[in-house]
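Report on the structure given below.
In our numbering, the protein residues as written are 739 to 792.
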């Protein structure tokens with residue numbers, strides 16, 4: 739599925755364009771990631787979010 743809606747990271751307006759037509763800043767996809775009960779990569783995400791011990 740292709741996401742069409744994008745949100746500007748500077749002025750927070752919603753747009754369909756890749757660079758924001760209002761301020762020229764970059765845009766990002768505001769939709770959350772898909773959820774799956776059988777998350778194959780959860781342990782890697784959890785391990786990556788833990789602070790490293792020295």
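Just so you know, even glycine gets a beta-carbon here, dropped at the ideal spot from N, CA and C. What you are looking at is a predicted structure, and each value in this text was computed from that prediction instead of being measured.
Residue(s) in a DSSP beta bridge with residue 766: Answer is 745, bridged to residue 766.
Whose C-beta lies closer than 8 Å to the C-beta of residue 754 among residues of the same chain, with five residues either side of it excluded? Only 742, 743 and 744 meet the Cβ criterion.
Who are the Cβ neighbours of residue 782 in its own chain at under 7 Å, not counting the five residues just before and after it? Correct list: empty, nothing qualifies.
Contacts around residue 768, its chain only, beta-carbon distance under 8 Å, and the 5 residues preceding and following it disregarded: Leaving aside the five residues that flank residue 768 on each side, the residues in its chain whose CB is nearer than 8 Å to its CB run, in chain order, 743, 744, 745 and 752.
Is it right to say residue 758 is buried, meaning 16 or more other beta carbons lie within 10 angstroms of its own, or is it exposed? Counting other Cβ atoms within 10 Å of its Cβ, residue 758 reaches 16 or more and is therefore classed as buried.
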